[in-house]
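Under the UniProt record's numbering, the first residue of the sequence shown is numbered 1, with each subsequent residue one higher.
Backbone N, C-alpha and C fix where the C-beta goes; we use that ideal spot for every residue, glycine too.
None of the values given here were measured: they were computed from a predicted structure.
Below is one structure, written out as structure tokens; comments come after it.
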Amino acid sequence: MPRIIFIEPDGTERLVDAEPDESAMQAAKRNGVDGIIGECGGSCICATCHCHVDKAWLDRVGPAGDIEADLLEFEAADVRAESRLACQIPITEALDGLLLHVVGRSR
């Protein structure tokens, strides 16, 4: 079972088990990670699951798609090159140990 490390907005580190093929947002919500709201349920329309992917994981996670990048640009705060929506990161065994810094809330 893949594990994800979330760094919550207050700096608390949370290690959660993720089911293969669920999104990072689903795993975070199921485990009560602070700052991951997922208001839209994973439809890529709210930006309330905004995270910064740790730079060591960027290549494995990959870049945001066009719709995700547009949403981040218009709805999220503190957008960086490593910004992703957790709802758009499908978890696989290859992402075991993924480190995500939670930004969370939309503007």
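Within 10 angstroms of its Cβ, does P9 collect 16 or more other Cβ (buried), or is it exposed?
-> exposed
Going by alpha carbons, who is nearest to K55 out of M1, I4 and H101?
-> H101
So, do the segment 58-65 and the segment 88-101 have three or more beta carbon pairs nearer to each other than 8 Å?
-> yes
Rounded C-alpha distance that separates E39 from D78 = 19 Å
Between the beta-carbon of C49 and the beta-carbon of I67, is there less than 8 Å?
-> no
Please go through the same chain and pick out, in chain order, the residues whose beta-carbon is closer than 8 Å to the beta-carbon of residue 181, but skip the five residues on each side of it.
-> No statement about residue 181 is possible, as the shown extent of the chain runs from 1 to 107 and does not include it.
Determine the extent of the alpha helix (DSSP H) in which I89 is found, giving its start and end residues.
-> It is not in any alpha helix (DSSP H) - I89 carries neither H nor E in the DSSP assignment.
Report the residue from W57, C51 and L98 whose alpha carbon sits nearest the alpha carbon of L72.
-> C51
Kindly indicate which residue of E19, V103, G97 and E93 has the alpha-carbon position closest to the one of R80.
-> V103
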